[in-house]
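S.K.: Got a structure here, written out as structure tokens. Questions coming.
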Amino acid sequence: MSETEISLEAAARAAGSFAEPGSIAGLAPYGDGHINASFRLRLRPGAVRAAPVARPSLPGSSGEGPGADLLLQRINERVFRDPEALMGNLLRVTSHLRAKLEAAGLPEVDRRTLTVVPALDGRPLARDAEGGSWRALLFIGGARSAGPARDPGSVRTLGAALGRFQALLADLPPPRLAPTIPRFHDARSRLADFERAADRDLAGRAASVGREIDFFLRRRDGLGLIAEALESGAVRERITHNDAKGDNLLVDEATGEALCLVDLDTVMPGLAHYDFGDMVRTATSPTVEDELDLAKVEMQMPLFEGLARGYLEGAGSFLTSAEKSYLAFAGKLITFTIGIRFLTDFLRGDKYFRVHRPNHNLDRCRTQFKLVQSIHRQEEAMQALVNQI
Ligand code: GN1
Ligand code: MG
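Residue 222 in my numbering sits at position 221 of the sequence shown; the count goes up by one each step and never skips.
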């Protein structure tokens, strides 16, 4: 069953694992992610008192004031094969962030990091009758998604938030986090999947996209550049977000201040470049990911400059000069990698990314394809700019 088909009734049953009967004031689908199914669960004041284990102190849990809202999510297990490991990562990462933000004396820490709210039985996950895994997070109020950034100032804010996030997690104590999706941003492995999908041609679509297939195959050389730097020890593994984009940054509704990075399911060991590259992909062209007018898709240098300045500011001193030397290339690499993921999914018959129209994955792929060309043309100037900061 696709995650789009997770019904409100199923969510209402799952809600009963996180809140006492009678305490639920409302439930509605939430957000537009491609992967998990999300619902906003509104609770009456005092609703979340009854847990047998320690829960975070929730606004309204004293029985006064507004009830706390939860973000109730069914984890897509076709994508995240080990939800227990995923929640283990999430608990470690969010506790570490919370401790650091508290130590820095920041106000309203509940709005600056995600908070896992365990089920009433104290476990981080609840299983439904079909075996589906559900979890709840504290809903962050008074905030909105930063969305696709359109001006150098907001791109800079995004870059700084991401750089700070990586820096705060740079000293997470061992053990290593579990890779929630193995080889997630590994370009060589994504290319191998793509070639298999083109060969098998399960949806009978390969003949119609010969041009796009060629585009990617012609550019396959050099894809392993940063991975090789990792293998040789020139750059090191970090803890990275892996879905770094404005949609995943919450900013304060009133002030626009960056609050919290969300969508932490892919936080795992990675390269700093994965996040920087994904921000280049999503924030340096003033277009959406599935833009149909390809003439508008261009990497714009003022947006890149805002991003690079923000990111390096936020990252502070943890990034090495070897890591910095691949930042412009990273934009091209991640755009390429996600482009082939869209085309692979198109070739397989749209099994992974949620689509809203025929050829949606193909449109998304073509947008990435155009952006790869645009970044390629400007790559030297982009890196020169990074080197000057
Ligand atoms: C998926 O669903 P969303 O938007 O959070 C995908 C990302 C892609 C993105 C493209 C786990 O993220 O890698 O960049 O779609 N996440 C996963 O829109 O595959
Ligand atoms: Mg995501």
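We put the CB at the ideal spot given by N, CA and C, even for glycine.
Predicted, not measured: the structure shown is a model, and the values here were computed from it.
Going by other Cβ atoms of all chains shown within 10 Å of its Cβ, with 16 needed for buried, is SER375 buried or exposed?
M.R.: By the 10 Å Cβ count, SER375 comes out buried.
S.K.: For ILE36, is the beta carbon positioned less than 6 Å from some heavy atom of the ligand GN1?
M.R.: ILE36: yes, Cβ under 6 Å from the ligand GN1.
S.K.: Alpha carbon to alpha carbon, what distance is there between ASP111 and ARG237?
M.R.: ARG237 and ASP111: Cα-Cα distance of roughly 31 Å.
S.K.: Quick check: GLY257 and LEU334, are their CB atoms within less than 7 Å of each other?
M.R.: Cβ atoms of GLY257 and LEU334: not closer than 7 Å.
S.K.: Specify the secondary structure class of LEU163 as computed by DSSP and reduced to three states.
M.R.: Looking at LEU163 - three-state DSSP - the assignment turns out to be helix.
S.K.: Check whether the Cβ of ILE339 lies closer than 6 Å to any heavy atom of the ligand GN1, and answer yes or no.
M.R.: Yes; taking the cut-off as 6 Å, the Cβ of ILE339 has a heavy atom of the ligand GN1 nearer than that.
S.K.: Are the beta-carbon atoms belonging to ALA329 and GLU380 less than 7 Å from one another?
M.R.: Cβ distance < 7 Å, so ALA329 and GLU380 count as in contact.
S.K.: Check each residue's C-beta against every heavy atom of the ligand MG and list, in chain order, those closer than 5 Å.
M.R.: This criterion selects ASP244, ASP264.
S.K.: Report all residues from its chain with a CB closer than 7 Å to the CB of VAL54; omit the five preceding and five following residues, and keep chain order.
M.R.: For VAL54, the predicted model reports a pLDDT of 35, less than 50, meaning its position is unreliable; a value from the coordinates is still stated below. Same-chain partners within the cutoff: PRO119, GLY123.
S.K.: Just reading off the alpha helix (DSSP H) that ARG14 is part of, what are its end residues?
M.R.: Looking at the DSSP string, the run of the alpha helix (DSSP H) that includes ARG14 is 9 to 16.
S.K.: Report buried or exposed for ALA51, applying the criterion of at least 16 other Cβ atoms within 10 angstroms of its Cβ.
M.R.: Below a pLDDT of 50, predicted positions are generally treated as unreliable, and ALA51, at 37, falls in that range; the measurement from the model is reported next regardless. By the 10 Å Cβ count, ALA51 comes out exposed.
S.K.: Round the Cβ separation of PRO315 and GLY211 to the nearest angstrom and send it over; I've been treating them as touching at under 8 Å.
M.R.: The question names Pro, but residue 315 is Gly in the sequence shown. At roughly 42 Å, the Cβ-Cβ gap does not stay under 8 Å, so GLY315 and GLY211 are not in contact.
S.K.: Can you give the beta carbon distance from ALA38 to ARG75, rounded, assuming they're within the 8 Å contact cut?
M.R.: Confirmed, about 4 Å.
S.K.: Please report how far the alpha carbon of ARG206 lies from the alpha carbon of ARG184, in whole angstroms.
M.R.: Roughly 26 Å separates the two Cα atoms.
S.K.: Could I get the ranges of all uninterrupted alpha helix (DSSP H) runs contained in the segment 246 to 331, with 4 residues as the minimum, in chain order?
M.R.: 273 to 284, 302 to 316, 322 to 325, all fully within the segment 246 to 331.
S.K.: How about ASP248 and SER146: are their beta carbons less than 7 Å apart?
M.R.: Yes, the pair counts as a contact, with Cβ atoms nearer than the cut-off.
S.K.: By DSSP's criteria, THR241 is part of a beta bridge. Which residues make up the other side?
M.R.: THR241 is bridged to MET269.
S.K.: If we call anything under 7 Å between Cβ atoms a contact, is GLU306 one with LEU372?
M.R.: Result no, Cβ atoms of GLU306 and LEU372 do not sit closer than 7 Å.
S.K.: With burial defined as no fewer than 16 other Cβ atoms inside 10 Å of the residue's Cβ, what is the status of TRP135: buried or exposed?
M.R.: Label assigned to TRP135: buried.
S.K.: Cβ atoms of HIS35 and PHE319: under 7 Å apart, would you say?
M.R.: Taking 7 Å as the Cβ cut-off, PHE319 and HIS35 do not qualify as a contacting pair.
S.K.: I'd like to know if the segment 265 to 273 and the segment 84 to 91 are in contact, where contact means that at least 3 CB-CB pairs between them fall below 8 Å.
M.R.: They touch, by the three-pair rule.
S.K.: Is the beta carbon of ILE339 sitting closer than 7 Å to the one on GLN301?
M.R.: Not a contact, by the Cβ cut-off of 7 Å.
S.K.: Can you list, in chain order, the residues of its chain whose CB lies under 8 Å from that of LEU173, leaving out five sequence neighbours each side?
M.R.: Only ARG93, VAL94, HIS97, ILE240 meet the Cβ criterion.
S.K.: Looking at the secondary structure, which residues open and close the alpha helix (DSSP H) in which SER190 lies?
M.R.: Run containing SER190: 188 to 201, per the alpha helix (DSSP H) assignment.
S.K.: Tell me where the alpha helix (DSSP H) around PRO359 begins and ends.
M.R.: Premise fails: PRO359 is in no alpha helix (DSSP H) and is neither H nor E.
S.K.: How many Å lie between HIS357 and GLU109 at the Cα?
M.R.: So the alpha carbons of these two residues sit roughly 37 Å apart.
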